[in-house]
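Below you'll find the structure, written out as structure tokens, and then a few comments.
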Amino acid sequence: MISLPLNALMTTEELAELLSVDPSTIRRWRTTSPVQGPPFIRISERVVKYAPEDVRRWLSARRIDPAVAA
Numbered sequence: 134m135i136s137l138p139l140n141a142l143m144t145t146e147e148l149a150e151l152l153s154v155d156p157s158t159i160r161r162w163r164t165t166s167p168v169q170g171p172p173f174i175r176i177s178e179r180v181v182k183y184a185p186e187d188v189r190r191w192l193s194a195r196r197i198d199p200a201v202a203a
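Sequence positions in the sequence shown follow the numbering used here and run 134 to 203.
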């Protein structure tokens, strides 16, 4: 399981690093219709943060167990 701090909000760049994707991918997820990616918190027009627990839930929901999927 991915270890995320429980008390810190992540920036777009930190989330991108965690997921090994470019920050522009995270931004695109937020701006597509329908919105994709993990839930986010819009602090202001230019500041967006991600709660670690939201990221954990989002990742868990995307998990595919090959033994179950077969």
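Yeah, the Cβ is synthetic: ideal placement off N, Cα and C, and Gly gets one too.
Under the three-state reduction of DSSP, R175 is assigned to strand. E146 counts as exposed, since fewer than 16 other beta carbons sit within 10 angstroms of its beta carbon.
Taking a 10 Å sphere around the C-beta of V188, we find 16 or more other C-beta atoms and assign the residue as buried. Between the C-alpha atoms of V168 and W162 there is a straight-line separation of about 6 Å. The beta carbons of T144 and K182 sit about 7 Å from each other, so the pair counts as a contact at 8 Å.
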